[in-house]
Structure formats: structure tokens, C-alpha cells
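In what follows, a structure is listed as C-alpha cells, so that the remarks can point back to it.
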Amino acid sequence: MDLADLLEIKEKELRTRKPIRLRCCLAAGCVSSNGQAVKESLDKAVQEAGLADEVEVRQVGCMRLCCEGPLVAVDPAGILYQKVAPEDAASIVAALKGGETQVKRGDLNHPFFTKQMSIVLENSGEIDPERIESYIAADGYQALNDALVEMKPKEVIDAILQSGLRGRGGAGYPTGLKWATVAKMQGSKKYVICNADEGDPGAFMDRSVLESDPHRLLEGMAIAAYAVGADQGFIYVRAEYPLAISRLHTAIKQAKQHGLLGSGVLEAAFTFNVEIRIGAGAFVCGEETALMASIEGERGTPRPRPPFPAERGLYAGPTLINNVETLANVPSIVRKGADWFAGIGTEKSKGTKVFALAGKITNTGLIEVPMGTSLRTIVEEMGAGAPDGNQVKAVQTGGPSGGCLPASQLDTPVDYESLQQLGSIMGSGGMIVMDQTTNMVDVARFFMEFCMDESCGKCTPCRAGTVQLHALLDRILRRQATARDLELLEELCDLVKHTSLCGLGQTAPNPVLSTLRFFRNEYLELLQPEIGAPAAFGTPPKPDVNPTG
Amino acid sequence: MPVKTLTIDGKPVSAVEGQTVLEAAQDAGISIPTLCHLDGVSDVGACRLCLVEVAGVSRLLPACVTKVTEEMEVRTESERLKRYRRMILELLFAERNHVCAVCVSNGRCELQNLAVAQGMDHVRFAYRFPPYEVDITHRMFGMDHNRCVLCSRCVRVCWFIEGAATKNVAGRGADARIITDLSQPWGESETCTSCGKCVQACPTGAKFHKGSTVAEMERDRSRLEYIVTAREKKQWIV
Ligand SMILES: Cc1cc2nc3c(=O)[nH]c(=O)nc-3n(C[C@H](O)[C@H](O)[C@H](O)COP(=O)(O)O)c2cc1C
Ligand code: SF4
Ligand code: FES
């Protein structure tokens, strides 16, 4: 396999493409609303109408508006059918030839679609994720070829550095710097790991990429491996994603058959093999050191850093670990150039970000927007606000490690620094919208319960601290807490944040701290007056500040 | 051997490259509170009592796993560190059922000593009172989970000094617990060599010699030191 073969596959694929295409979303969201049956009945309807030569029924990945699934798109007519039932198949096929159909049509001119910008998701909803030819026809694996044939590893790293790409797994560490560190490490055996653990409640960005465009990830990993000098890759994906796992297996098999993985990739002196490791759904196994322990077959608990994975990672070798979305950006950067990428987004946050929009919002689904897009654009325009005339009260980003921003902060641009300044984080891309019926203390308790359950139990502040934080929040919600409990809550947040071993504990107090910052009243309203404790057991009652008043 | 010079609490200290801040401090006669650290076994940085402040680093660093660097300025005492250490101890006391008055280690317990040293005189958190069992199936030793602080010292001596790999940690978060083999009664273990190192390693009364009663449990750490010295320095203590 070389460039000429790639182009031949592409050309053949385009040549044999049928004039009319029905794209059926078969990512997990639409599958769960019976998308598979829709595709099968469309197949049958096309056969029965005798249109098999003209019409292709293609399974594709996520088409973004998950709440309206199963989705079916028609090319080249530019129609999006929503909530399609298997019985609708005949009328949809009839409509291809001037017939009538009552099936609900989506408005493709809605800001939900028009404000999106697809880099990571450029093939999602377009190509068949189970056919490598479909990916190659969309210029797939050309970036890998460019890298292997035309670029030295250092040039690849320079391109990633220049592009300004930062890690999409949460912390936003500059990807090029990480690659450069691994590249300059001595050691004959290096590894590339893709972190596809995605454990935040409400997040499904990475799953969508894996289900919709698995080859893009493999290509990104191969480019990364070439750049840092690794020959072995692992994809660590949670067991709760069976469809993603199966598509990854298919993709790896196809890539090997086509000489795009294995030894002598694209006839260059480059070997790269990828294996899948399946996690058992522990949130903490998304933390890089715990993840590596888990791959090694150990108990999935974090260890202190340094040493960082780049110095001493998997099986003690220098290891590059990146998130799915980070790696999925790589082929586009190599193909279109670092300057192109650096031209998108804000000064310090480049490119786009995928968000899983969920909660009390009219349009739920997957969006990819340029960095710097305001929360207001996302929530009010694209998401069309809260349903049933309710008011948006807060937006939660970053899951259990993030925070809640109030509606008054909706003009905040989504970039790493702005969100952090307000006590939230970009996180991996979960975005949960809340309306006025939501109690913020309850939200804080929900996330604390999550952290408490997911704490690995190794370090004291996180293991025992989250339990006590949860108990205090619970006490406040049951209206049994006093001002002193609130004080203790804040003191404990400070402890857990600053003394925990890993990011889980260090960020666990964030939902509490950010709701305290913006919705303190909701806490105060629940507090009870201090009962006059006997002086021997508590602080003596303070004299009234204003005795006459 | 390359030497690093640093200051700890303002005192100039020289240390060998590769040493931890904790080792350098101990050599200089400066004490830093520890609980999960045990001389001779690998450190895990889990209890977080040894956190120290280092100039120029915004995070607090665990002394037991942080290597010395040239011109490092370490502070082991500050109001903030004292507050954190007391609070961590409070969390430990509230987490399980630490009833000193009926404990075999009363008076010789590292947890108790830490509380005294750090001035932790009361617990502001709700006691959890978890229902834990006592395993006295082993011929010579007992394990009272009510008194365990999950420092994992017993696990590490069992794996890395005795090499039996009998002890382990199971469960997650507050449900984490020390197990024997595949969570079997200790007495039924086929891998346990009954060496007793885990009992010597335990900082509290969680692991004890059967037959000892309140305040009677004495530990002989020199037994561990004997083996560790033999292994690391290739010499037998006589
Ligand atoms: C508790 C915890 C959970 C994490 N879960 C994930 C995850 O599911 N996916 C992910 O990519 N990164 C996760 N991370 C971040 C990883 O440790 C690591 O920083 C990331 O994979 C690096 O990739 P990036 O530089 O491409 O962002 C988690 C971190 C912590 C502390
Ligand atoms: S912070 Fe929590 S998850 Fe991380 S090591 Fe400590 S106990 Fe485990
Ligand atoms: S002694 Fe360092 S963390 Fe426990």
C-alpha cells in the first residue's frame, strides 16, 4: 500500500458511488432508538422500489441532533428526517421520486447546524465507519502518508506545536510539548496510548468519534507514534462502549489488511501495532497513571507524578498518552497545515471543541464549535434554550471536576482560561444545562456522590474527605446544618483540593466551590440557626454585634 | 555520589542525589509526620501527612516521594500544613472505629501519636461507624478492620520484603479494604508464610498478635530493619 494505492481506492469509491444516498445514523444514540431497524427497512424499501442501482443506504456515525433520532439524511437533496420509524421507510423512498412523506424534517439552517465547525467530526455522519474505503475516499490516511514520506518526526512535532493544539482530555496541556518530551526520551520501547475511558457523567464525545470515525483515531495514533518513535499503541476504552469497541476492532483489522498498521506501514520503515484494552468502567482509570496500571493488569490506582508518563510510563517505558479528540485532530492538522489550525479559535485555545449538550435544553446532541464561541451562542442559539418555556439557570461544564456557571455568565467564551477563571474547567466536553427547577446544592451533592463512589481509596483526603463532604451536603439539604457546618464544608473543600494525590480528588470540590461562589444563597437558605450549645462543647455564643438592633 | 544542597526549614542540608526530601530531613534531624511511609519498602504517597511546601512550587509535595533538587527550599511547618495535617487525622479517626481505650495498640499507636503530636484534640466530622469484621482465623495473628487506616504498609511488606503477595487491597473509595489472597479468611490462606512482617509493619492496632489485650501489642520493627539492611546494604545486623 502506498499513496497511489490510496488514491486508487478513493477514486474507485467515488466512481462507484450511487447518485442518491440515504445516510442512516447508526451511532449508539440512534441505535438505542431503533435505528438499526430503520436502516433495514430502508434497505428493503429500496429493493422493493427497484431503486437498488440508484440509491445507496449507508450506515453512518453521529449526525449530531441525537434527541431527534433515529436520523436519516438524504443526499444530494439535503434533507434530514427525524424520529424515523421503520414503517416510514416506504414513504421516504417514495419521496425520492417525487412522492409524499409525513416524516418530520429537520431544519438544517438552524443555528444548531450552521454554527458548527467540523474538524474532529468532519466525517461523522458522512462515512461508513465500518468500511475503510469510505474513510480513504474522504482523504483518509493521506496525512499519515504525508508524515511518513515527506516529514521527519521532528517536523511532525513542530507542526503540532505550531498548531497550538492542546489536550482535550481535560487539563489542556500543549500536545506538541508532550510529544516533544516523549520523543527526546531515551529508551528502545515507547508507547502511545489513546485515552478513551470517558467516564464523566453526561459525556459522549469520544464515544461518538470512535463509533463514527474509528480510522481517524488510528491515523492520529500512527502519526503520533511516528513522531515520538513508538511502535506499540493501546486504546483504553471502557466496556460500556460495546459498539465503539467492535468498530475499533473492525478498523484495526482493516488497517492491518491494507498495510496501514503493522510493519512497513505505507511501505515506509515504520512499524506500528495497536491493541485494545477494555476498562471495567472505573472513572479513576481515566487518570493516566491509573490507566497505565490497569493496562499492566494492576489495580487501577493513580501513583504520584513525577515521574510523568513521558519519562516513565507503561511498562516503565516512555509513554505518550492523549485523549481521543486530541488524536482525532492530528490528521487534519498534518493534512491542512498548522497555520490553518492555528487560525481557528482564540489566542490560547486553538481549533474546535466537541461538546455533548445535554440536560434541560431543547436540542440535545453533539456539537463541534470553534474555541471562543460563547456559552450563550451554544445554549440559547444552538441548543434553543430550555424546553417548555423554562429559564436556563446554569451551565455545568467539566463534569464532576468542573463547575456551574450561572446564566449571568453566559457571555463567557469557551476556552481553557476563561472557564478556569470562573472556577469551572473545559473538561472533556460534557455540557449540562440546568433550568430554574434545579437546586444547586443538590447538583453539588450529585457530583460529590459520584466522586465519593469513584474515589479509588488510596489517599486519605479523597477517600475519607469526599465521604464527609457528601455527608455535609446531605445534611444541608435535609435542613439539619448550621453555619458552622458550612464553614467546615468550605474548610474541607480546601483540604481535598490541595492535598489529594490525583486529579480526581483535587477537582472533586469544584462543583461545590463553584455553586458556593455563584449560588451561595441557596446554601444559606437551607441552614438552621445554631442551637445554643453548652459552652463546654462549642464556642461560646458570640455577643450580638448590634445589641440595640 | 553527586550531592545536592538544599534548605529545610531554613537549615542548610546536603543530601545525596536520588534521596527523598523525607530522607534528607530525617538525616538532618528534622521530623516530618508520616503514616504510609515505612523504611525499607517503596513509597506510595497515599496518606498525605508528609506534605511540605517547596518554594516556587504552587502545589504541596509529599516528602516521601519527592526527590531532592539543588537549592530546593523546603518548609515542613506552617499554619496551613498544621491545619491540613490535623484535618487529615480527623478524617482518619472518623472513618472507622478507632476506640483507643479498648485497643491492643493503645499507647503505642502511630495514629494516636500523630494526633497528639499534631494537636488534634477533637474530631469535627461525623463518625461513620462502619460495620467491620475482625478476622481471627489465622493461628497466630488477627486483623481488625475497624482500626485499619489503609496505609497499605502490610501489603507492601508482604509483596516486596517477604515476597508472598498474600495481602492486597480490594474495593474502591471508602469500601477499600485489606484482603488476604482472593478475599479469603486469613487462616485459610495457602500463600501466607506466617512470617508476621505485616503485623510488625502495621501502624495501628489493626494487625495484632493473638493473645494480646489492651495496650499490650508491642511491635518489633528491628525485624524489618534486619532484612531491609541485609538486602539494601548487603550486611547482616549483628
Ligand atoms: C479522575 C480522572 C479521570 C480522567 N478521565 C479521563 C478520560 O476519561 N479521558 C481522557 O482523555 N482523559 C481523562 N483524564 C485526563 C488524563 O489523566 C490525561 O490527562 C489525558 O488523557 C491526557 O490527554 P490529553 O493531553 O490529550 O488531554 C482524567 C483525569 C483524571 C484525574
Ligand atoms: S485523589 Fe482519590 S482517586 Fe486520586 S489517588 Fe487519591 S483516593 Fe485515589
Ligand atoms: S508518608 Fe508521604 S504520603 Fe504518607
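First to last, the protein sequences are chains A and B. So the first sequence is residues 46 to 594, counted in my numbering. So the second sequence is residues 789 to 1026, counted in my numbering. For every residue, glycine included, the Cβ atom is placed at its ideal position computed from N, Cα and C. This structure is a prediction, so every number in the text was calculated from the model and none was measured.
Item, Value
"B:Leu794 (DSSP reduced to helix, strand or coil)", "strand"
"Spatially closest choice to A:Ile2 from A:Ser169, A:Ile521, A:Thr409, A:Gly548, by CA coordinates", "With chain A covering 46 to 594 only, the question about residue 2 of chain A has no answer from this structure."
"Close Cβ partners of A:Ala122 (< 6 Å) along its chain, the five nearest in sequence each way excluded", "none"
"C-beta neighbour in chain A for B:Val809, strict 8 Å", "no"
"Counted within 10 angstroms of its Cβ, other Cβ atoms place A:Ala553 as buried (16 or more) or exposed", "buried"
"At least 3 beta-carbon pairs within less than 8 Å: the segment 945-955 of chain B vs the segment 1002-1009 of chain B", "no"
"CB contact below 8 Å: B:Cys980 versus chain A", "no"
"Neighbouring residues, chain C, relative to A:Val512 (Cβ below 8 Å)", "Here chain C cannot be found, since the structure's protein chains are A and B."
"Beta-carbon contacts of A:Ala581 that lie in its chain and below 8 Å, excluding the five residues immediately before and after", "For A:Ala581, the predicted model reports a pLDDT of 46, less than 50, meaning its position is unreliable and no value from the coordinates is stated."
"Sequence-distant residues of its chain with Cβ nearer than 8 Å to A:Pro592 (five each side left out)", "Low per-residue confidence applies at A:Pro592: pLDDT is 45, beneath 50, and the placement is therefore not dependable, though the value from the model is reported in the following sentence. Cβ within range, chain order: n/a, list empty."
"Between the CA atoms of B:Gly844 and B:Cys990 - distance to the nearest angstrom", "36 Å"
"Residues bridged to B:Glu841 [DSSP beta-bridge criterion]", "B:Arg863"
"Positions along the segment 866-879 of chain B whose CB lies within less than 7 Å of some CB in chain A", "Tyr872, Met875, Ile876, Leu879"
"Beta-carbon neighbours of B:Pro850, restricted to chain A and to distances below 7 Å", "Pro349"
"Test: A:Asp498 CB closer than 8 Å to a CB of chain B", "yes"
"For A:Leu455, the nearest candidate out of A:Gly417, A:Lys235, A:Gly444, A:Leu518 (CA to CA)", "A:Gly417"
"Collapsed DSSP secondary structure at A:Phe157 in the structure displayed", "helix"
"Any alpha helix (DSSP H) of 4 or more consecutive residues that is wholly inside the segment 356-427 of chain A", "369-381, 383-387"
"8 Å Cβ cutoff, B:Phe913 in contact with chain A", "yes"
"Min CB distance B:Ala905 to chain A below 8 Å", "no"
"Backbone CA spacing between A:Pro585 and A:Ile576 [nearest angstrom]", "Only weak support exists for where A:Pro585 lies, its pLDDT of 49 falling under 50; the value from the coordinates is given anyway. Cα to Cα, the separation comes out at about 11 Å."
"Straight-line gap, B:Ala781 to B:Met860 (C-alpha atoms, nearest Å)", "The shown model of chain B, from 789 to 1026, leaves out residue 781 of chain B, and the question about it has no answer."
"Alpha-carbon to alpha-carbon, A:Leu561 and A:Glu333", "30 Å"
"A:Tyr568 versus A:Glu532 - alpha carbon distance", "11 Å"
"Top-ranked residue by Cα proximity to A:Arg350, from A:Val541, A:Leu546, A:Cys112", "A:Leu546"
"Cutoff 8 Å: A:Ala338 Cβ touching any chain B Cβ", "no"
"Ligand 1 heavy atom lying under 7 Å from the CB of A:Ile366", "yes"
"Complete runs of the alpha helix (DSSP H) confined to the segment 877-933 of chain B [at least 4 residues]", "898-905"
"Neighbourhood of A:Ala528 by C-beta, 7 Å cutoff - its chain only, sequence neighbours within 5 removed", "Leu572, Glu575"
"At least three beta-carbon pairs within less than 8 Å, the segment 475-491 of chain A to the segment 535-545 of chain A", "no"
"Residue environment, A:Leu59, which counts as buried when at least 16 other CB atoms sit within 10 Å", "exposed"
"Members of the segment 526-550 of chain A that neighbour chain B once the beta carbon cut-off is set at 8 Å", "Leu533, Glu536, Leu537, Leu540, His543, Thr544, Ser545, Leu546"
"Buried versus exposed call for A:His515 [16 or more other C-beta atoms within 10 Å across all chains shown]", "buried"
"Neighbour list for B:Cys835 in chain A, Cβ cutoff strictly below 8 Å", "Cys504, Thr505"
"Per-residue contacts from A:Arg66 into chain B (C-beta, under 8 Å)", "Here the premise fails: no neighbours, minimum Cβ distance about 47 Å."
"Proximity test, B:Arg965 beta-carbon vs ligand 4 heavy atom, cut-off 7 Å", "Absence of ligand 4 is noted for the structure shown, with ligand 1, ligand 2 and ligand 3 being the only ligands found."
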